[in-house]
Amino acid sequence: MTDDLTGRLKAEARRLGFDGVGIAPAVAPPGYPRFLEWLDAGRSAGMGYMHQHAEARANPDRVLESVRSVVMVSAVYGRRTDPTSPGGTRGKVARYAQGSDYHESLWKRLESLLAWLQDECPGARGRAIADTAPLLERDFARLAGLGWIGKNTMLIDRKLGSFTVLGALLVDVELVIDEPQMAGHCGTCTRCLDACPTDAFAGPYQLDARRCISYWTIEHKGAIPEEFADRLEDWAFGCDVCQDVCPWNRKAPEGRQPELDPRPEWVNPDLIDWLSRDPDEFRKSLKGTALSRSKRAGLLRNAALILGRRGSTEAVPVLIDRLDDADPTVRASAAWALARIGTAEAILALEGRRGRGGDVVPDDVEGAFGGVQPPDVDGETPAGSDRRV
Ligand code: SF4
Numbered sequence: 001m002t003d004d005l006t007g008r009l010k011a012e013a014r015r016l017g018f019d020g021v022g023i024a025p026a027v028a029p030p031g032y033p034r035f036l037e038w039l040d041a042g043r044s045a046g047m048g049y050m051h052q053h054a055e056a057r058a059n060p061d062r063v064l065e066s067v068r069s070v071v072m073v074s075a076v077y078g079r080r081t082d083p084t085s086p087g088g089t090r091g092k093v094a095r096y097a098q099g100s101d102y103h104e105s106l107w108k109r110l111e112s113l114l115a116w117l118q119d120e121c122p123g124a125r126g127r128a129i130a131d132t133a134p135l136l137e138r139d140f141a142r143l144a145g146l147g148w149i150g151k152n153t154m155l156i157d158r159k160l161g162s163f164t165v166l167g168a169l170l171v172d173v174e175l176v177i178d179e180p181q182m183a184g185h186c187g188t189c190t191r192c193l194d195a196c197p198t199d200a201f202a203g204p205y206q207l208d209a210r211r212c213i214s215y216w217t218i219e220h221k222g223a224i225p226e227e228f229a230d231r232l233e234d235w236a237f238g239c240d241v242c243q244d245v246c247p248w249n250r251k252a253p254e255g256r257q258p259e260l261d262p263r264p265e266w267v268n269p270d271l272i273d274w275l276s277r278d279p280d281e282f283r284k285s286l287k288g289t290a291l292s293r294s295k296r297a298g299l300l301r302n303a304a305l306i307l308g309r310r311g312s313t314e315a316v317p318v319l320i321d322r323l324d325d326a327d328p329t330v331r332a333s334a335a336w337a338l339a340r341i342g343t344a345e346a347i348l349a350l351e352g353r354r355g356r357g358g359d360v361v362p363d364d365v366e367g368a369f370g371g372v373q374p375p376d377v378d379g380e381t382p383a384g385s386d387r388r389v
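Note that our numbering has the sequence shown beginning at 1, numbered continuously upward.
Okay, here's the thing in structure tokens:
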């Protein structure tokens, strides 16, 4: 009966659109001590919520009392994207954020799976989790046989690759558990570690969020410190480098869920367009997307830093406009970018605001100069202020 029920539950999960499904035992996850070490080492950066709910991750019964089985599901998302730089005034958005926010569709499918189980087993209790409760999903996915955790810390399946979202259904029903995937298949490969633009891996399987572009562009609020402001490369939201280079993603399938398909406006967005948009209209356009996590201020900050690093002279007028933005992070980032671009127009605009009083941004402007003297107003960028990389 249980064998049969487990088989039919898996078939139902696939019918609902999941690409991978496996059953893990409801045990303390073996990766929990390592997770605590990661937190203790400060590698979660400013993600305080990781600390707040750390204990709840020790055992799934903290999330659902009397849980007996953890149904893990995975779904490939999006389309293969061009890993090269879009150049010009365009930026890049991580593949998972190019379509609609996956959380809602994932959660609804999990709820449907739970409803199916409750039809089969009246009285069964369960809880669907799509990043909505503290659970070490990758650890349970590995226990459920859905893949191994690669050196880039992502869950990798031989066929599906790593561009997958993971969800969990905790149930108080005894199901047949799958063989865990104990062995990894990274071998001697270190492509992800070598390719990371900010050296965010302290070693294999050890991501330090304090150096991760995804952390800075998505999770961090406020201005980005100089060391990383200058190193976002093309990434306006998130980063896929450690997955793009992984050989296991070369032949992986593309996503089957239409709502997660990329929307053209989010694939390689024009960053000048972002900086020019009416604030309310721009905020509205973020609704229902993962980009809303960064909010307008974070996205415009990232856009300004990328354009500044590139020395984009076309962006100067809109960056000057943003010096008067209502948001201090946007103002500071625009000032930083103008100082980096360093044309006479950019420097004049910064000079014009220096020490003008409380209605402008004197602190931001001072910070943006970083101690470098501005050029003569009629001169081109002097060698001393050209800090482009
Ligand atoms: Fe493993 Fe290589 Fe993929 Fe990194 S790039 S996760 S080392 S297979």
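Using N, Cα and C, we set each Cβ at its ideal position, and we do this for glycine too.
Predicted, not measured: the structure shown is a model, and the values here were computed from it.
Item                                                                                                                              : Value
Which residues DSSP lists as bridging Thr164, in chain order                                                                      : Val76
Nearest candidate by alpha-carbon position, reference Tyr96, set Leu348, Cys246, Arg34 and Leu260                                 : Leu260
Whole-angstrom distance between Gly311 and Leu9, CA atom to CA atom                                                               : 55 Å
Per-residue burial, Gly187 [other beta carbons within 10 Å of its own, 16 or more giving buried]                                  : exposed
Inter-residue spacing [alpha-carbon to alpha-carbon] between Asp178 and Val76                                                     : 21 Å
Short Cβ contact (7 Å threshold) for Leu53 with Pro134                                                                            : It is His, not Leu, that sits at residue 53 in the sequence shown. For His53 and Pro134, yes; Cβs fall inside 7 Å.
Residues proximal to the ligand SF4 by C-beta, any heavy atom closer than 5 Å                                                     : Gly150, Lys151, Asn152, Cys186, Cys189, Arg191, Cys192 and Cys246
Under 7 Å between C-beta atoms of Ala128 and Trp107                                                                               : yes
Any 3 or more C-beta pairs closer than 8 Å across the segment 113-120 and the segment 164-180                                     : yes
Buried versus exposed call for Glu137 [16 or more other C-beta atoms within 10 Å across all chains shown]                         : buried
Cutoff 7 Å; reference Glu12; Cβ partners in own chain excluding five residues on either side                                      : Leu113 and Trp116
Straight-line gap, Ser214 to Leu291 (C-alpha atoms, nearest Å)                                                                    : 12 Å
Per-residue DSSP class, three states only, for Phe201                                                                             : strand
Nearest neighbour of Leu166, chosen from Lys159, Leu155 and Val176 [CA to CA]                                                     : Leu155
Where the beta strand (DSSP E) containing Gly20 begins and where it ends                                                          : Gly20 to Pro25
Other residues of its chain near Met47: CB distance less than 7 Å, five sequence neighbours each side excluded                    : Ala209 and Glu219
Pro328 versus Trp336: straight-line alpha-carbon distance, rounded                                                                : 12 Å
Endpoints, alpha helix (DSSP H) assigned at Arg14                                                                                 : Thr2 to Arg15
Residues that DSSP places opposite Ala128 in a beta bridge                                                                        : Leu169
Supposed close pair Ala94, Asp234 - CB separation, criterion 8 Å                                                                  : Between Asp234 and Ala94 the Cβ distance is about 11 Å, and since that is not below 8 Å, they are no contact.
Backbone CA spacing between Phe201 and Ile149 [nearest angstrom]                                                                  : 14 Å
Rounded straight-line distance, which links the Cα of Phe140 to that of Tyr32                                                     : 11 Å
Coarse secondary structure for Leu271, derived from DSSP in three states                                                          : helix
Contact belief for Ala402 with Asn302 at Cβ below 8 Å, rounded distance in angstroms                                              : Summary: the structure shown does not reach residue 402, with the chain confined to residues 1 through 389, and so no result is reported for it.
Contacts around Leu305, its chain only, beta-carbon distance under 8 Å, and the 5 residues preceding and following it disregarded : Ile224, Ala229, Asp230, Leu232, Ser333, Trp336 and Ala337
6 Å CB neighbourhood of Ala45 in its chain, flanking five on each side removed                                                    : Ala209, Arg210 and Tyr215
Per DSSP, cross-strand counterpart(s) of Arg90                                                                                    : Asp270
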